[in-house]
Amino acid sequence: MSKNKDVQKAVLEYLNQQNRPYSTIDVFNNLHKEYGKTAVTKSLDELAESGKIKKKTYGKQCVYVANQDNFSSLSDAEMKTLESDVQKLTSKLQNLQNEVSLLEKEQKQLSCSLSTEEAQKQLETYTKDNGKLSEKLVKLKAGNAIVITKEEKDKIYQERQKCVKEWKKRKRMANDILNAILEGYPKTKKHLYEEIGVETDEDCGVTIPNV
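In terms of the UniProt record's numbering, the sequence shown is residues 1 to 211.
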C-alpha cells in the first residue's frame, strides 16, 4: 500500500470514528502530526472527491466530515448537534485567522523598527548626552556657572526634554523588540540579555529622569 493510501486510510478511519466535522489543521493535529500537512490536505480532498467523506465550504474555510450515508440515519437532535459543531468550528477558524493576521501585522511593524543593536547604541548615546545636560543643569541651578541668557536656559531645558523623551521612546522600542524575540526564545530573559550583550539602565545604574 502506497504512502498516500496509508494517509487516506488513517484520515478516513479517524473521521468515521469521530463522526464530527474537522478542518484540515484539526485532522493534522489530531493524528499527532504523524503525516505531513500537505499529505493530509491532499487525502481529504481526494476522499471528498470520491464521495467517501463530505466537504463543506464556509467562505474560505473548508470543513470535512464522514459521509453520513455510511451510517444509520441521524435524528433531528443529532443533526442539530452536528450543525452546531460546524458553526463553532467555523467561528474558531475565523478567530484563529484574525489572530494570525494581527501577529503578521505586529511582525511587520517590528521588522521596520531598529534592530536591537542599533537601539542599544542610540540608547547609550542619549544616556551620555542626557548625563552631560543634567550635569550642566545642576551647575546652572546652583549658580556656580557663568550666567546665561533666558533664551539659552530655555534652549537647554528643551533639549533635555527632547533627549529624555527620545530616551523613553528608544527604551520602549528596545523592550518591544526584546519581548518579541523572547516569545520564541527557549531560555530566560536574563540569558538572552547576556547572550547578545544587552545592558539595561538598571545594569548601568541610571534611571530616566523626570522632566
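Just so it is clear, CB atoms sit at the ideal spot from N, CA and C, and this is done for glycine as well.
_Val40, enclosing alpha helix (DSSP H) - first and last residue_ = Position 40 of the sequence shown holds residue 40. Taken as a continuous stretch (DSSP letters only), the alpha helix (DSSP H) holding Val40 covers 37-49.
*Using the rule of at least 16 other Cβ atoms within 10 Å of the residue's Cβ for burial, across every protein chain shown, is Pro21 buried or exposed?*
Looking up residue 21 in the sequence shown gives position 21. Flag for Pro21 reads buried.
*asked:* In whole angstroms, give me the CA-to-CA distance for Met1 and Val11.
replied: For the purposes of this step, residue 1 is taken as the residue at position 1 of the sequence shown. For the purposes of this step, residue 11 is taken as the residue at position 11 of the sequence shown. In this predicted model, Met1 has a pLDDT of only 48, less than 50, meaning its place in the structure is not dependable enough to derive any value.
*By Cβ distance below 7 Å, which residues in the same chain neighbour Ala174 in space, the five residues on each side in sequence not counted?*
To locate residue 174, count along the sequence shown from 1; it is residue 174. So the qualifying residues of the chain are Thr116, Ala119, Gln120, Leu123.
*Could you say if the stretch 43-51 and the stretch 80-94 meet the contact criterion of at least three C-beta pairs nearer than 8 Å?*
no
*Please check the pair Val27 and Tyr64, which I expect to be a contact at CB under 8 Å, by giving their CB distance rounded to whole angstroms.*
As a working mapping, residue 27 is identified with position 27 in the sequence shown. As a working mapping, residue 64 is identified with position 64 in the sequence shown. Correct: roughly 7 Å between the Cβ atoms.
*Would you mind working out which of Ile196, Glu202, Thr207, Lys189 sits nearest Val164, comparing C-alpha positions?*
By 1-based counting over the sequence shown, the position of residue 164 is 164. Nearest of Ile196, Glu202, Thr207, Lys189 to Val164, Cα basis: Thr207.
*By the 10 Å Cβ neighbour count, where 16 or more other Cβ atoms means buried, how is Asn70 classified, buried or exposed?*
The count along the sequence shown starts at 1 and reaches residue 70 at position 70. That one is exposed.
*Which same chain residues, not among the five before or five after Thr24, have their C-beta less than 8 Å away from its C-beta?*
To locate residue 24, count along the sequence shown from 1; it is residue 24. Correct list, in chain order: Lys37, Val40, Thr41, Leu44, Cys62, Tyr64.
*In three-state DSSP terms, what is Tyr64?*
Numbered from 1 along the sequence shown, position 64 holds the residue referred to as residue 64. DSSP places Tyr64 in strand when its eight states are reduced to three.
*Have a look at Lys153 and Lys128 and give me their C-alpha separation to the nearest angstrom.*
Counting from one through the sequence shown, the residue named residue 153 turns up at place 153. Counting from one through the sequence shown, the residue named residue 128 turns up at place 128. Distance between the alpha carbons of Lys153 and Lys128 is about 20 Å.
*Between Trp167 and Tyr126, which are expected to be in contact by the criterion C-beta below 8 Å, what is the C-beta distance as a whole number of angstroms?*
Mapped onto the sequence shown, residue 167 falls at position 167. Mapped onto the sequence shown, residue 126 falls at position 126. About 5 Å separates the two Cβ atoms, so the contact holds.
*Starting from the N-terminal side, write out each stretch of the alpha helix (DSSP H) that is 4 residues or longer and does not extend beyond the stretch 3-29.*
3-18
*Does the distance from the CB of Gln107 to the CB of Ala180 come in under 9 Å?*
Within the sequence shown, the letter at position 107 stands for residue 107. Within the sequence shown, the letter at position 180 stands for residue 180. Cβ atoms of Gln107 and Ala180: closer than 9 Å.
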